[in-house]
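J.: One structure, as structure tokens, below. Some questions next.
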Amino acid sequence: MILKGKVWKFGDSISTDLICPGRYFHLRSNLPELAKHVLEDADTQFASNMAKGDFVVAGNNFGLGSSREHAPTIIKIAGVSAVLAKSFARIFFRNAINVGLPLVECDTDKIDQGDELEVNLSTGIIRNKTKSIELEAHFLPKAMLNILNDGGLLAHIQKHGDFKLD
Amino acid sequence: MGKTLAEKILSEKSGQDACAGDIVIAKVDVAAFQDGTGPLGVRQLQKMNINKVKAAKSIFFLDHAAPSPRKELSNDHMLLREFSKKSGAILSEIGDGVIHQRLVESFVKPGDVVIGGDSHTCTAGALGAFATGMGSTDVAIGMVIGKTWFKVPETFRVEINGKFQSGVYSKDLILYLIGMIGADGATYKALEFGGETIEKMSMESRFVLSNMAVEAGAKVGLIASDKTTREYLKSCGRLKEWKAQIPDIDAKYEKIIKIDVSKIEPQIAFPHTVDNTRPISAAKGKKVDQVFIGTCTNGRIEDLEIAAKILKGKKRAFDTRLIVVPASREIYLNAMKLGLLKIFVQAGAIIMGPGCGPCVGVHEGVLGDGEVCLSTANRNFKGRMGNPEAFVYLASPATAAYSAIKGKISDPREMIKKAKKEKIMVNTGKKAKGNR
Ligand code: SF4
Chain R
340 MILKGKVWKF GDSISTDLIC PGRYFHLRSN LPELAKHVLE DADTQFASNM AKGDFVVAGN
400 NFGLGSSREH APTIIKIAGV SAVLAKSFAR IFFRNAINVG LPLVECDTDK IDQGDELEVN
460 LSTGIIRNKT KSIELEAHFL PKAMLNILND GGLLAHIQKH GDFKLD
Chain H
8 MGKTLAEKIL SEKSGQDACA GDIVIAKVDV AAFQDGTGPL GVRQLQKMNI NKVKAAKSIF
68 FLDHAAPSPR KELSNDHMLL REFSKKSGAI LSEIGDGVIH QRLVESFVKP GDVVIGGDSH
128 TCTAGALGAF ATGMGSTDVA IGMVIGKTWF KVPETFRVEI NGKFQSGVYS KDLILYLIGM
188 IGADGATYKA LEFGGETIEK MSMESRFVLS NMAVEAGAKV GLIASDKTTR EYLKSCGRLK
248 EWKAQIPDID AKYEKIIKID VSKIEPQIAF PHTVDNTRPI SAAKGKKVDQ VFIGTCTNGR
308 IEDLEIAAKI LKGKKRAFDT RLIVVPASRE IYLNAMKLGL LKIFVQAGAI IMGPGCGPCV
368 GVHEGVLGDG EVCLSTANRN FKGRMGNPEA FVYLASPATA AYSAIKGKIS DPREMIKKAK
428 KEKIMVNTGK KAKGNR
């Protein structure tokens with residue numbers, strides 16, 4: 340699958356508190372409403388100005404902090420096609436796969452705000468069209484790829500009745 | 008080949024020889040949710056038409072919004088109460104306490120696999136349990152099929168030796184460690200704490216270390232189950248649930264980190280990341296608008312005793328508010344028995360019901376623009392206490408209590424020194440008994 344879109348660039352250590360602030364705790368059962376505040380404390384412009392298909396691109400340890408699955412869920416609901424980062428925090432990583440939000444681990448230094456990207460999820464090749472360069476993603480572990488390909492953990496369990504990881 | 012604590016527990020619970028790097032499917036002994044992550048988990052299960060739980064213990068804790076400050080959250084609470092009733096899960100009501108304190112007091116035993124819809128589920132690792140935080144769907148699935156999958160983590164052994172200076176505590180140690188290795192220093196790894204200092208450390212101080220393992224990115228923060236663990240479970244009326252759980256002597260560690268605690272000063276984590284830690288001298292004199300003593304990190308009886316010793320007969324500074332939140336009902340009762348609550352109230356504190364309190368910005372003590380809070384919690388991310396324009400500093404209960412008196416960040420060693428000099432007995436006079 341090839342994803343296309345523009346880049347929204349963030350820094351290191353984007354916590355789940357920045358992605359999905361605690362002050363909107365009461366909106367957690369209203370995900371479309373909660374999604375209107377996605378990443379608000381990291382970039383106030385993002386939620387209102389992003390277009391469907393855009394990429395969130397960040398530095399190290401994206402998604403650190405709380406286990407709230409709402410964080411990757413509202414990134415997905417907002418229409419982000421994938422998150423690219425140098426590294427991801429553990430719980431966020433697993434949550435994103437479970438909810439079917441593609442994550443791409445790669446060197447993001449050569450990607451800037453507003454760049455146009457084409458990300459091929461099957462080959463792991465990232466084309467930065469603005470800069471005319473290609474980058475390569477690290478591959479997902481097989482267990483996670485299986486879950487992602489089934490469309491997330493719920494679909495995976497519904498399909499197999501159990502974990503089917505290898 | 009020898010096994011780490013993580014490998015040992017996962018081997019037993021998966022029925023296969025689990026080594027670091029393997030993918031295993033393990034039996035789940037305890038699956039837990041809190042009120043912020045539970046509703047999403049329950050809705051996932053409703054999509055699958057599942058309404059029976061299978062994990063040995065499945066529990067919903069109403070603690071983050073307790074009591075509920077808004078109708079949306081009241082409705083979430085209704086959903087969880089209803090689902091618990093129908094599904095056979097246990098419900099821990101508002102006022103019973105914070106998920107992680109409740110788990111260690113009443114539910115988790117050494118050797119268990121514990122999954123919780125809350126990142127600080129790693130707290131229970133101090134009992135020698137493989138306890139880790141996960142998202143709603145993972146916990147929901149684990150709860151209803153009674154198992155989950157893990158990649159067996161490599162382990163960093165943290166060898167801790169030496170004696171703490173007076174005025175320095177396990178909170179300072181863990182802040183120091185996180186500052187040293189960074190917020191992603193142990194991502195995907197197990198931290199295993201050991202050494203002479205840990206052997207002598209109280210269970211409550213051990214919980215602080217395991218609680219904050221996730222702040223270094225770790226999956227679990229494990230401590231061997233020993234005599235101290237046994238005494239703790241006994242005090243909780245669960246002596247029968249104790250068993251020894253230790254790593255093999257020839258276990259293979261990816262890294263060994265050695266720390267001599269006698270060299271550590273009180274630490275402060277500066278805004279807005281937990282690994283932004285510095286010795287207290289760097290923060291000394293910083294004006295504080297609010298001091299918060301509580302949470303799943305430092306809201307236990309030992310913490311309240313330390314704070315009460317410092318606050319006894321003193322008053323908070325005029326323009327520094329003081330909020331105290333016992334982590335559980337048991338702790339609340341114990342603090343009452345010991346006369347600690349009176350000391351806090353007389354010192355000008357407001358005591359809130361057991362739960363998360365102001366920790367995550369849902370209610371109770373949300374900060375104003377530009378305000379500074381010195382907190383005993385485990386996180387200081389921007390926006391954490393409900394306002395992205397505010398600043399949260401993290402410290403030990405002793406530092407927090409002393410700073411409340413001074414109105415600015417202050418080194419508790421000063422007071423201890425002074426007390427020694429003046430030979431003043433600063434203690435509460437009684438000893439805590441029973442469930443801590
Ligand atoms: S006290 Fe704070 S860190 Fe602990 S569970 Fe509650 S919100 Fe999370």
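Here the protein sequences come in this chain order: R and H. Heads up, the numbering used here is the position in the first sequence plus 339, with the first residue counted as 1. Heads up, the numbering used here is the position in the second sequence plus 7, with the first residue counted as 1. Backbone N, C-alpha and C define an ideal beta-carbon position, used for all residues, glycine too. No experiment lies behind these values; they were computed from the predicted model shown.
(1) Hey, out of H:D255, H:G360, H:S113 and H:G355, whose CA is closest to T302 of chain H's CA?
(2) Can you give the Cα-Cα distance for Y183 of chain H and E211 of chain H, rounded to whole angstroms?
(3) Within 10 angstroms of its Cβ, does K247 of chain H collect 16 or more other Cβ (buried), or is it exposed?
(4) Under a three-way DSSP split, which group does G414 of chain H fall into?
(5) Quick one: list the residues of chain R neighbouring R386 of chain H, beta-carbon separation under 7 Å, in chain order.
(6) How should T383 of chain R be labelled, buried or exposed, when 16 other C-beta atoms within 10 angstroms of its C-beta is the threshold for buried?
(7) Which chain R residues sit within Cβ distance under 9 Å of R285 of chain H?
(8) For a contact defined as C-beta to C-beta under 8 Å, what are the partners of M85 of chain H on chain R?
(9) Do we get a CB-CB distance below 8 Å when we pair L47 of chain H with the residues of chain R?
(10) Using a beta-carbon distance below 8 Å, is D356 of chain R in contact with chain A?
(11) Does H499 of chain R get closer than 8 Å to chain H when you measure Cβ to Cβ?
(12) Which residue or residues does DSSP assign as beta-bridge partners of C380 of chain H?
(13) Any contact of the stretch 382 to 394 of chain H with the stretch 62 to 79 of chain H, i.e. 3+ C-beta pairs under 8 Å?
(14) Please check the pair I330 of chain H and I357 of chain H, which I expect to be a contact at CB under 8 Å, by giving their CB distance rounded to whole angstroms.
(15) Starting from the C-beta of S126 of chain H, find all residues in its chain whose C-beta is less than 7 Å away, skip the five residues before and the five after it, and write them out in chain order.
(16) Leaving aside the five residues before and after D191 of chain H along the sequence, list all residues of the same chain whose C-beta is less than 7 Å from its C-beta, in chain order.
(17) DSSP three-state label for A289 of chain H, please.
(18) Check whether the stretch 188 to 208 of chain H touches the stretch 104 to 116 of chain H, taking contact to mean three or more Cβ pairs, one atom from each stretch, closer than 8 Å.
(19) So if I threshold CB-CB distances at 7 Å, which residues from the stretch 446 to 475 of chain R count as touching chain H?
(20) Over the uninterrupted beta strand (DSSP E) stretch that includes G201 of chain H, give me the two end residues.
(21) Quick check on V352 of chain H: buried or exposed, where buried means 16 or more other Cβ atoms within 10 Å of its Cβ?
(22) As a quick exercise: from R:K425, R:H365, R:K415 and R:A374, pick the residue whose alpha carbon is nearest that of P441 of chain R.
(23) Within the 8 Å Cβ cut-off, does Q53 of chain H reach chain R?
(24) In or out: S403 of chain H buried (at least 16 other Cβ within 10 Å) or exposed?
(25) Could you give the residue range of the beta strand (DSSP E) that holds Q41 of chain H?
(26) According to DSSP, F4 of chain H sits in a beta bridge with which residue or residues?
(27) Can you check DSSP and say which residues form a bridge with N467 of chain R?
(28) Please confirm whether any heavy atom of the ligand SF4 lies closer than 7 Å to the CB of A384 of chain H.
(29) Would you check if the stretch 173 to 181 of chain H and the stretch 265 to 285 of chain H touch, i.e. whether three or more CB-CB distances between them fall below 8 Å?
(30) Name, going along the chain, the residues of the stretch 374 to 406 of chain R whose beta-carbon falls closer than 9 Å to a beta-carbon of chain H.
(31) Using a threshold of 8 Å, state whether the C-beta atoms of T462 of chain R and R407 of chain R are closer than that.
(32) What are the complete alpha helix (DSSP H) segments, minimum 4 residues, inside the stretch 63 to 110 of chain H?
(33) Check R443 of chain R in the structure and name its three-state DSSP category.
(34) Using a C-beta cutoff of 8 Å, does Y195 of chain H count as contacting chain R?
(35) Could you check whether S368 of chain R and P46 of chain H sit closer than 8 Å to each other, using their CB atoms as the reference points?
(36) Which residue marks the beginning of the alpha helix (DSSP H) containing V346 of chain R, and which one marks its end?
T.: According to the structure shown:
(1) H:G360
(2) 18 Å
(3) exposed
(4) coil
(5) G404
(6) exposed
(7) By Cβ distance, chain R contributes nothing, its closest Cβ being about 17 Å from R285 of chain H, past 9 Å.
(8) Within 8 Å Cβ-Cβ: nothing; M85 of chain H doesn't reach chain R, min ~11 Å.
(9) yes
(10) Included in the structure are the protein chains R and H, with no chain A among them.
(11) no
(12) H:Q297 and H:V399
(13) no
(14) 6 Å
(15) G140 and V221
(16) G224
(17) helix
(18) no
(19) none
(20) A197 to G201
(21) exposed
(22) R:K415
(23) no
(24) buried
(25) V37 to Q41
(26) No information on residue 4 of chain H is available, as it lies outside the stretch 8 to 443 that chain H covers here.
(27) R:L456 and R:I472
(28) yes
(29) yes
(30) E379, D380, A381, N399, N400, L403, G404, S405 and S406
(31) no
(32) 78 to 94 and 106 to 109
(33) The sequence given here has Val at residue 443 of chain R, not Arg. Three-state DSSP puts V443 of chain R in a strand.
(34) yes
(35) yes
(36) Careful: V346 of chain R lies outside any alpha helix (DSSP H), inside the beta strand (DSSP E) at I341 to K348.
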